[in-house]
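J.:
Chains as they are written, first to last, in the numbering used here: chain G, 1 to 657; chain D, 658 to 1261.
1. Between the segment 1038-1046 of chain D and the segment 1080-1097 of chain D, are three or more C-beta pairs nearer than 8 angstroms?
2. Could you list the residues in the segment 1078-1103 of chain D with a C-beta less than 7 angstroms from some C-beta on chain G, going in chain order?
3. Going by DSSP, what residue range makes up the beta strand (DSSP E) through residue 89 of chain G?
4. For the segment 154-171 of chain G, list every residue whose C-beta sits within 7 angstroms of some C-beta in chain D, in sequence order.
5. Does DSSP put residue 454 of chain G in a helix, a strand or coil?
6. Taking the alpha-carbon of residue 849 of chain D as reference, which of D:1178, D:1163, D:888 and D:834 has the nearest alpha-carbon?
7. Along the chain, which unbroken stretches of the alpha helix (DSSP H) at least 4 residues long are found entirely within the segment 250-301 of chain G?
8. From the DSSP output, read off the bridge partner residues of residue 727 of chain D.
9. From residue 788 of chain D to residue 665 of chain D, what distance separates their C-alpha atoms?
10. Please compile the residues from chain D whose C-beta is within a distance smaller than 8 angstroms of the C-beta of residue 417 of chain G.
11. Taking contact to mean at least 3 C-beta pairs separated by less than 8 angstroms, is the segment 1052-1064 of chain D in contact with the segment 956-970 of chain D?
12. Between the Cα of residue 99 of chain G and the Cα atoms of G:135, G:147, G:110 and G:53, which residue gives the shortest distance?
13. Given a cut-off of 8 angstroms on the beta-carbon distance, is the pair residue 890 of chain D and residue 804 of chain D in contact?
14. Does residue 1073 of chain D pass the burial test, meaning 16 or more other C-beta atoms within 10 Å, or should it be called exposed?
15. Say whether chain G places a C-beta atom closer than 8 angstroms to the C-beta of residue 690 of chain D.
16. At 8 angstroms on the CB atoms, spell out the chain G contacts of residue 1071 of chain D, in chain order.
17. To the nearest whole angstrom, what separates the beta carbons of residue 1272 of chain D and residue 1133 of chain D, a pair I think is in contact under 8 angstroms?
18. If you follow the alpha helix (DSSP H) that residue 163 of chain G is part of, which residue opens it and which one closes it?
19. Quick one: any contact between the segment 1114-1128 of chain D and the segment 167-182 of chain G, if contact means 3 or more CB pairs under 8 angstroms?
20. Have a look at the DSSP bridge pairing and note the partners of residue 221 of chain G.
21. Taking 8 angstroms as the cut-off, decide whether the C-beta atoms of residue 257 of chain G and residue 277 of chain G are in contact.
22. Reducing DSSP to helix, strand and coil, say where residue 561 of chain G ends up.
23. Please confirm whether residue 151 of chain G and residue 286 of chain G have their CB atoms less than 8 angstroms apart.
24. From the DSSP output, which residues share a beta bridge with residue 69 of chain G?
25. For residue 388 of chain G, count neighbouring Cβ atoms within 10 angstroms of its own Cβ and tell me buried if that reaches 16, exposed if not.
26. Using a Cβ cut-off of 9 angstroms, pull out every chain D residue sitting near residue 313 of chain G, in sequence order please.
27. Decide if residue 589 of chain G is buried, meaning its Cβ has at least 16 other Cβ atoms within 10 Å, or exposed.
28. What is the rounded straight-line gap between the Cα of residue 9 of chain G and the Cα of residue 199 of chain G?
29. Between the Cα of residue 543 of chain G and the Cα atoms of G:558, G:443, G:341 and G:605, which residue gives the shortest distance?
30. Compute the Euclidean distance between the alpha carbons of residue 237 of chain G and residue 194 of chain G, then round it to the nearest angstrom.
31. List the endpoints of the continuous alpha helix (DSSP H) containing residue 418 of chain G.
32. Report the rounded CA-to-CA distance for residue 628 of chain G versus residue 1097 of chain D, giving the unit in angstroms.
33. When the distance is taken between beta carbons, is residue 821 of chain D closer than 8 angstroms to residue 917 of chain D?
34. Give the range of the alpha helix (DSSP H) segment to which residue 651 of chain G is assigned.
35. Per the contact definition of three or more C-beta pairs closer than 8 angstroms, is the segment 1175-1182 of chain D in contact with the segment 934-946 of chain D?
36. Is residue 837 of chain D near the ligand GTP, with its Cβ less than 7 angstroms from a heavy atom?
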């Protein structure tokens, strides 16, 4: 690996999309108009090519030298000799993330070329969209490339900004504007913890460079050479987890993601499914040294992930908006990834992140294609039997659904199975939760498939459905291939190349700290593993997926009176699910309203207490003035009288003394 | 020319004002263009000064000395050396004041330019007052004599009083009076402090002097007893805290802001409030270091209360200007927190915060002004969906909102981060300065203010820009030659500010490194304090120009960390990793820390 090549690649990956964004934004409204997608497509394509080159560099690096820190320039000085720099950390994890991010982005940008023609906002929608999308690619790449916590924070906030801008893309709709603000603010709550975590890292270690921080954590030392206490490292890890919960929409900060579906479908696919929301998972994996140093934090990560996975899957059962079902499914799948890192299987989590990027982006884009055909309607109660009218969309959606449901031998199956496997060995209860979630996932996914694509053909009134054009279908097909085949990069037959590629990143952190270290990773253990330990779980989880699909088939295709009966027999549970466990209501009543009341109190204090005290002060001054005013009456006699009186008093005093 | 350039800058707007006075009444267009011309001349001169400053400091190795100085005896008796009374016209700039001067010179022409369509009555008087206001503001940042500082400081009140009182909104008289009386009540106490300081200097040195250089040296070498420092600190704080404004002395600000004309609000928020923080940073901290250290926790607590309190109050405002005004109170709380961390990172964050706040809040007031001129209302409830009507306005409003809520990559973040960093590490010694009084606990509530900052700003953006279009009847008013969206003039006013925000966010290092030199030498360091701080293997630090060589005397930790760093498999990372390794190595052994504390306590 040559540092110079890596530096150039890194800079191209960042600057090409940024230049695309600036060009689309600046020239779009005046010159490019309908051609504004070109700067974005070219910028992202350049970034993708650079990411491939970078991947090649990392892959060809000799073992033990797969990581490199590349410094670009000094950013912020802080009074000490070590300024905060803009620098990259390039290792296999970075390479994989960059490939995923730029690759999926490129497909999404291409897809948007047609999609946004009809769904653009009235005023400069087209140009704005591509400018924001390219800006997002820049921000996400900055997040991934960063070699220190400060640049990570920059990317972290900047992707949040792009998410804000794109969720609020249709700003004329109050719901979209509110959803955008909600996303930003909920993320800010997470970032509150994240930012404090970063400050605490600096406070403890005196630096924000990944390499140095992780080194010191593993040595168990602080920056001044003291012993690192468990409490400190646990606090840091939990604060970072708080940030991850915000960005990756984990409990209890998940509330923004379903609302984020107000944005255009390509945005949901790219930002709210494939890339940005995985930043939390990436961050935990990257900070493995910190997290694995604290068993408590690891348990917390696993619990958050496991519970979120199940919790979101249950909500998805009752929703009817196709994109919201997918949003809850994203939360649930992100829960799997977080569970994965929490059970020391970071490579499996990243593997799931990788496969999930394909099939979830595919599902959102295909849903966008349905929406495109249905004139903007996405409620699965309002249409059905679309299989015939939208054949390509149907096929690609099917591929994505099977992968999501964990149907045997598709990508989602392999990656999810690995996570559950590790979860069962480390936290069996959470592993079982993962299995239940797998069943539910298959069920709600195919509930959606059957309702939307099977049954008698129904379309909303006044809609003339049509299959999408090739700009939209080509990315769908490419993603379908990924959704079906991406899992094969990490199976025994291909030598588990994904796992081995990532191994150097995690060998001193997750792999070394794992309680199941010997069993899961030791060569001897793998060699002697019997058929059942090796394939038993695969059969169980594959079976669960098929059971879930069959259940959906029976409920929604064969006995379609059953769902109504279930709903009627448990109205309260149904309503709870329908209302997403009342999280929004609780936050409104428990956090937002009290804060607003306090705010009103503050204004009241300003107007009455503080200004009242001021008035009192001035009133005292004025009162003294009033008291003295009679003496300044302007009448000579009065002055003469007081003069005589004064002289008399003085004379009296003098003589008396 | 160098020794006179600052004087020329300070008084060039005065010449402009005088020229306008001679201009014929009634020719409004010529008057406002003339005013703009003079403001731009001042800006050009300031740019020249900035360039000269750079050349001067790079020749001198960036020693942090005051340069471009001028001296004219004012009230002097006896010989110049050892005079019994030594009050003089002294000006000069260091790495801090040059940038504040530049910010003032940049914003003044923009504020004048923004008034072209808004001000229709008494045009000549308006621009004369704006230019006079600029004289005072520029003077404060250059003054190197306490009396001169105070004269300029108070002089700013007069033009602004008339600007608010004549061209303001419906409650302008009340607002102007409250502003004037409130601030002058505070600064009278400050003046009492100044007089006492002069007297104190007389008792110790035998000369009545208000030379800031002398006073700073006196303060930093510990010649002023703590008891005296404490009272002086309170006297200074009385004037400065009202000016900042620090909670609970802030109630004049929302009123003054809402009633002032746009340009008045801009100058008020961007520059005038900075006189308070600049006063703390230039007078209280260096001259009264021990009292600052002792009272810093109180100041910090008050600042934090202000951050949260004002952010909450901003959230429920329906008047946009009032919202931005409260946001100023909240932001300046951050600034104060950084200054009183008494650490290089915190103080340079605080100073940068002054500039950032000047840029972004000034721009926000300009934008509100653009809206008000078109819709004749600042009520959030009466407008909506303006992004559709005014995309350019929407762009700038969102941009400066992001700058104001500290989005990384823009200027606001750098200041905020350094403030929090300085506060968190205040008790450490990683920058070679004595441990400060604050600690990590202060960061937590302050960071809460960052969430709230996003809450109210985004709430405002959502209401004003998004949703269905809502405009008051018979608007937008384009009778004054405005267009529906921003005119070229308005865009040209906002664009330079936006560019500055980006530059400061992406590459703040050149400015920060100048701050740091100045802070180490003139604010925190000084010969005396620095000597105490570096009591150890490297006593040559204060005189040493080489900033980067000063920690060379402590190889122990540095060596450990650089060796471990090279063992992490991060090949080829010698630059940042090596540098960062040094930071770790900076920390002093515990025993040194204790003995150091002992010294300080003894001296107190």
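The beta-carbon is built from N, C-alpha and C at its ideal position, and this holds for glycine as well.
T.: In brief:
1. no
2. 1078, 1081, 1082, 1087, 1088, 1097, 1100 and 1101
3. 84-90
4. 154, 157, 158, 161, 168 and 171
5. coil
6. D:888
7. 256-259, 265-269, 279-286 and 288-292
8. D:748
9. 14 angstroms
10. Simply none; closest approach about 31 angstroms.
11. no
12. G:53
13. no
14. buried
15. no
16. 76
17. Because chain D in this structure spans residues 658 to 1261, residue 1272 of chain D falls outside the shown range and cannot be described.
18. 149-167
19. yes
20. G:227
21. yes
22. coil
23. no
24. G:89
25. exposed
26. In chain order: nothing, as chain D lies at least about 30 angstroms away.
27. exposed
28. 30 angstroms
29. G:443
30. 9 angstroms
31. 411-426
32. 53 angstroms
33. yes
34. 636-656
35. yes
36. Among the ligands in the structure shown, none appear at all, so the ligand GTP cannot be discussed.
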